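*Asks:* Each residue of the sequence shown is one higher than the last, beginning at 31 in this note's numbering.
A single structure is presented below for examination.
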Amino acid sequence: MKFDGFETLAIHAGQEPDAGTGAVVVPIYQTSTYAQDGVGGLRQGYEYSRTGNPTRAALEECLAALEDGVRGLAFASGMAAEDTLLRTVLSPGDHIVIPGDAYGGTFRLVSKVFERWGVSWDAVDQSDNDAVRAAIRPQTKVVWTETPTNPLLNITDIEAVAQIAHDAGALHVVDNTFASPYLQRPLTLGADVVVHSTTKYLGGHSDVVGGALVTSDAELGERLAFHQNTMGAVAGPFDSWLTLRGAKTLGVRMDRHSANAEKVVAALEGHPAVSHVYYPGLDSHPGHKVAERQMRSFGGMVSFSLRDGEKAALKMCERTQVFTLGESLGGVESLIEHPGRMTHASTAGSPLEVSADLVRISVGIESGDDLVADLLQALES
Ligand SMILES: *Cc1c(COP(=O)(O)O)cnc(C)c1O
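Dropping the structure here:
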C-alpha cells in the first residue's frame, strides 16, 4: 500500500526512526563534520555539514514530498533560497518577469543586486495573463509568480502562466509562501520550482528564519544542490529541526487559519468602518474563481481598507489586544500591521505604493470568536 496523504507525509516523509537509537523524532545532528572509515570511506554519505547534514536532509526530503517534487533544498532564509535559485538559472544578459506587487525582498534582490550583474527585469500584474505574455522577451529565462500576493491578495492562474513561460522556453518559479503546500501545489500545475520562506507557515511558530526550494526536475535539482553547497547559505541543524517540527502540523494549522480568516472576513465585510476587504475567498474578489480551482481553501491572510483613511488604520493597529502589532506572518499568533508605514514603506512614491488606509492581518489559530471580538472592539473604541 501507498501511504501518501498530505498529513502522513508531513509527519513521516524523511523521518524514519533513527537508525542507531530508534529515536522517533529526527535528532538535531549538531555537527560540522563526520568520521570516515578510511580515506573517502563515508558511513552514510555525509562528509561536511555545508554539503549535507542528516537533520537538514530530513527536512529537505519532507519538503520535496509535501510539494510533490523530486528534490528539496533548505536554506538559511527565504532570501538565501531566492538568491541561490537566481544565481543558478540566470546569467548576464538574461531577463526575468516578476509580479508588479512582488514581495519587497524579491523586488530588492532583482532590482538592486541582479540588475548590477546585467540581468534585466519587468514587473507586471500577473492576475492578467496577457500582461505576462506581453512582458516576455527573447532573453526571458524566468517567470516569477507569487499567488496570493502581498498585501492585496491578487491571484495568478499558475497553470496558465506556467504554459506561457514554457512556450517562451523560460522556467516558471512560484513563491508559495502565502499558500503553503497544504493549500496549493504549484509543481502539480506545471511550475518548475517552488520557493518558500519557511519562516512563515511551514515553520509556523515565529521562532525560526528559513527558506526552501523544491523542484520537479531532477537535473535542475542537482544544479541547485551544487550551488547550495557552493554558495553555502544552508539551514543549520537546529533551524532545520524547528522547521521540520512545524511542518508536521501544517495541515491542521492551515485548516484553522482559513476557518478563522473566513469568520474575520464575514465580520469585517458588513462593518460600517470598513470600505473594502481583500480576500480570495470572497465571491467579489476578481481572482476568486481561479483561487477556488487551484487552492484547497483561501488561507489566513486578509487585508482591508478603512473608510476614515490612514488615521483610522493606524489607530486600529494600535488598539487590538489579541492581534500583535508586528511584521511577518504565518505563525500561530495573530498579527496586525500597516503596510504603508511598515512592510511596504519602501514602495512609497513608486507605482507599487500601498494605499494608506490599508490594514493587513495574519489571522492566527487562537479562538476565532476572540479574534472577531478583538477586531470589532478595535474598530469601535
Ligand atoms: C518573508 C517572505 C520572503 C523572504 O523570506 P525570509 O525568510 O524573510 O528571507 C519571500 N517571499 C515571501 C512571499 C515572504 O513573505
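All C-beta atoms, glycine included, are put in the ideal place defined by N, C-alpha and C.
Source: prediction; values computed, not measured.
Determine the direct distance from the alpha carbon of F208 to that of T260, and round the result to whole angstroms.
*Replies:* Walking along the sequence shown from the start, residue 260 turns up at place 230. Walking along the sequence shown from the start, residue 208 turns up at place 178. Their backbone Cα atoms lie some 29 Å apart in a straight line.
*Asks:* Are the Cβ atoms of F268 and Q74 separated by less than 8 Å?
*Replies:* For the purposes of this step, residue 268 is taken as the residue at position 238 of the sequence shown. For the purposes of this step, residue 74 is taken as the residue at position 44 of the sequence shown. Cβ atoms of F268 and Q74: not closer than 8 Å.
*Asks:* Bridge partners for M331 per DSSP, in chain order?
*Replies:* One-based indexing of the sequence shown puts residue 331 at position 301. Beta-bridge pairing links M331 to S392.
*Asks:* May I ask which residues mark the beginning and end of the alpha helix (DSSP H) holding T118?
*Replies:* Residue mapping note: residue 118 aligns to position 88 of the sequence shown, counting from 1. Counting along the chain, the alpha helix (DSSP H) containing T118 begins and ends at 108-119.
*Asks:* Is the CB-CB distance between T228 and G241 below 8 Å?
*Replies:* As a first step, residue 228 is located in the sequence shown; it is residue number 198 there, counting from the start. As a first step, residue 241 is located in the sequence shown; it is residue number 211 there, counting from the start. In this structure, G241 lies closer than 8 Å to T228 by Cβ.
*Asks:* Using a 10 Å radius around the Cβ and a threshold of 16 neighbouring Cβ atoms, would you call M109 buried or exposed?
*Replies:* Sequence index remark: in the sequence shown, residue 109 carries index 79 (1-based). M109 should be labelled buried.
*Asks:* Taking 7 Å as the cut-off, is the beta-carbon of D237 closer than that to any non-hydrogen atom of ligand 1?
*Replies:* For this step, residue 237 is matched to residue 207 along the sequence shown. Checking the Cβ of D237 against ligand 1 gives no.
*Asks:* Does DSSP put V191 in a helix, a strand or coil?
*Replies:* Working through the sequence shown from its first residue, we reach residue 191 at position 161. V191 falls in the helix class under three-state DSSP.
*Asks:* Please name the residue in L115, L409, G130, H301 whose C-alpha comes closest to that of R253.
*Replies:* By 1-based counting over the sequence shown, the position of residue 253 is 223. The option with the nearest alpha carbon to R253 is L115.
*Asks:* In the DSSP assignment, what are the bridge partners of D205?
*Replies:* In the sequence shown, residue 205 corresponds to position 175, counting from 1. Paired residue(s): E176, V225.
*Asks:* Go ahead and pull the three-state DSSP assignment for Q66.
*Replies:* On the sequence shown, position 36 is the one that residue 66 refers to. In this structure, Q66 counts as strand in the three-state DSSP scheme.
*Asks:* Hey, W271 and T85: beta-carbon distance below 8 Å or not?
*Replies:* For the purposes of this step, residue 271 is taken as the residue at position 241 of the sequence shown. For the purposes of this step, residue 85 is taken as the residue at position 55 of the sequence shown. Yes, the pair counts as a contact, with Cβ atoms nearer than the cut-off.
*Asks:* Mapping the DSSP letters down to three states, classify K171 as helix, strand or coil.
*Replies:* On the sequence shown, position 141 is the one that residue 171 refers to. Correct three-state label for K171: strand.
*Asks:* For the candidate residues G330, L183, R163, whose alpha-carbon lies nearest to that of A190?
*Replies:* Here residue 190 corresponds to residue number 160 of the sequence shown, with the count starting at 1. Of the candidates G330, L183, R163, the one whose C-alpha sits nearest the C-alpha of A190 is R163.
*Asks:* Considering only residues of the stretch 296-377, which uninterrupted beta strand (DSSP E) runs meet the minimum length of 3 residues and lie entirely inside it, listed in chain order?
*Replies:* 304-308, 331-336, 365-367
*Asks:* On the CB-based measure, 16 or more other CB atoms within 10 Å of its CB, does R283 come out buried or exposed?
*Replies:* Indexing the sequence shown from 1 puts residue 283 at position 253. That one is buried.
*Asks:* Assuming the contact rule is C-beta atoms closer than 8 Å, P213 and S327 should be a hit. Round their C-beta distance to whole Å, please.
*Replies:* Your numbering for residue 213 matches position 183 in the sequence shown. Your numbering for residue 327 matches position 297 in the sequence shown. The amino acid occupying residue 213 in the given sequence is Leu; Pro does not appear at that position. The pair is a contact, with the Cβ atoms about 6 Å apart (cut-off 8 Å).
*Asks:* Contact defined as beta carbons within less than 8 Å: I believe H125 pairs with T170. What is the distance between those atoms, to the nearest angstrom?
*Replies:* Taking the first residue of the sequence shown as position 1, residue 125 is located at position 95. Taking the first residue of the sequence shown as position 1, residue 170 is located at position 140. H125 to T170, Cβ: 5 Å. Contact.
*Asks:* When you compare the CB positions of A87 and A43, do they come within less than 8 Å of one another, or not?
*Replies:* Numbered from its first residue, the sequence shown carries residue 87 at position 57. Numbered from its first residue, the sequence shown carries residue 43 at position 13. Contact flag unset, no.
*Asks:* Distance, Cα to Cα, E322 vs D237?
*Replies:* If you number the sequence shown from 1, residue 322 lands on position 292. If you number the sequence shown from 1, residue 237 lands on position 207. Roughly 31 Å separates the two Cα atoms.
*Asks:* Determine the burial state of R413: buried for a count of at least 16 other Cβ atoms within 10 Å of its Cβ, exposed for fewer.
*Replies:* Any question about residue 413 goes unanswered here, given that the chain covers just 31 to 411.
*Asks:* For A408 and M346, what's the separation of their Cα atoms in angstroms?
*Replies:* One-based indexing of the sequence shown puts residue 408 at position 378. One-based indexing of the sequence shown puts residue 346 at position 316. About 5 Å.
*Asks:* I need the boundaries of the beta strand (DSSP E) containing G148, first residue and last residue.
*Replies:* Start at 1 with the first residue of the sequence shown, and residue 148 comes out as number 118. Counting along the chain, G148 falls outside any beta strand (DSSP E), and DSSP gives it neither H nor E.
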